[in-house]
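Each residue of the sequence shown is one higher than the last, beginning at 1 in UniProt numbering. Where a beta carbon is used, it is the ideal one built from N, C-alpha and C, also for glycine. Source: prediction; values computed, not measured. A quick write-up on the structure given underneath.
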Amino acid sequence: MKVYTKTGDKGTTSLFGGTRVPKDHARIESYGTVDELNSHIGLIRDQEMNVHYKEILIEIQDRLFTVGAILATPPEKEVMKNGELRLKKLGIIETDIELLENEIDTMEDELPQMTHFVLPGGHTTVSYCHIARCVCRRAERLAVHLSHNEPVAEIAIKYLNRLSDYLFVLARKLSHDLNAEEVQWIPRK
């Protein structure tokens with residue numbers, strides 16, 4: 001398979017199922033941002049940290065490929081001509097969300113209670129988590145925007161929502177683990 005096909009040279013690309021759309025289509029923006037998020041999570045995973053976090057991040061990256069596939073499939077192409085589901089072996093399920101929730105709960109049990117907003121920073125790895133969290137929120141917003149015009153699996157949006165929470169708590173936990181300074185935002189009086 002060649003990396004370059006030249007089929008996108010005029011500003012269009014193919015969705016799953018072959019439908020061609022402009023490269024700035026909401027569906028492309030949505031799954032493209034999920035791809036960007038996946039790259040940021042790879043950067044986090046490349047940092048020195050607990051092996052358990054790395055294993056969870058690999059699982060998240062795998063799930064993000066699935067979210068991207070869901071977003072890249074227009075509703076009219078979900079079923080192939082032979083009657084089979086195009087993504088029959090792919091999907092986000094409740095246990096994927098429960099994994100994130102359980103990880104959040106476990107990390108929060110080891111952290112002091114938050115009393116103020118936290119400013120991003122304190123350590124490079126922590127900053128990478130905050131960047132990924134922001135990209136995740138953008139991916140979520142784009143998926144919601146897409147859902148206003150075309151059906152989008154609600155569970156994909158729910159997964160992105162929970163993932164941004166996970167990334168925030170992971171940033172706090174890594175701050176704690178790395179003895180990094182966690183600066184709380186205190187509004188001026």
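Discussion item. Can you list, in chain order, the residues of its chain with a C-beta nearer than 7 Å to that of L57? Leave out the 5 residues immediately preceding and following it.
Written reply: Taking the sequence shown and counting its residues from 1, the one referred to as residue 57 is at position 57. Within the same chain, L57 has close Cβ partners I41, I44, R45.
Worksheet entry | Own chain, CB closer than 7 Å to I104, minus 5 neighbours either side, in chain order | On the sequence shown, position 104 is the one that residue 104 refers to. Around I104: D165, Y166, V169.
Worksheet entry | 8 Å Cβ shell around F65 - same chain, five flanking residues per side excluded | Residue mapping note: residue 65 aligns to position 65 of the sequence shown, counting from 1. Result list for F65: N38, in chain order.
Discussion item. Distance check for S30 and I157, CA to CA, integer angstroms please.
Written reply: For the purposes of this step, residue 157 is taken as the residue at position 157 of the sequence shown. For the purposes of this step, residue 30 is taken as the residue at position 30 of the sequence shown. Taking the straight line from one Cα to the other gives about 11 Å.
Discussion item. Using 8 Å as the cut-off, can you tell me whether the segment 5–16 makes contact with the segment 94–108, which would need three or more C-beta pairs spanning the two stretches below that distance?
Written reply: no
Worksheet item: Around the Cβ of L142, are there at least 16 other Cβ atoms within 10 angstroms (buried) or fewer (exposed)?
Response: Along the sequence shown, read from residue 1 onward, the residue named residue 142 stands at position 142. L142 is buried by the Cβ-count criterion.
Discussion item. For V51 and L174, what's the separation of their Cα atoms in angstroms?
Written reply: The residue given as residue 51 occupies position 51 in the sequence shown. The residue given as residue 174 occupies position 174 in the sequence shown. C-alpha separation (whole angstroms): 13 Å.
Worksheet item: According to DSSP, is V152 helix, strand or coil?
Response: Along the sequence shown, one-based indexing puts residue 152 at 152. When DSSP states are grouped into helix, strand and coil, V152 belongs to the coil group.
Practice prompt. Give the secondary structure of V21 by DSSP, where H, G and I count as helix, E and B as strand, and everything else as coil.
Written response: Taking the first residue of the sequence shown as 1, we reach residue 21 at position 21. It is a strand residue.
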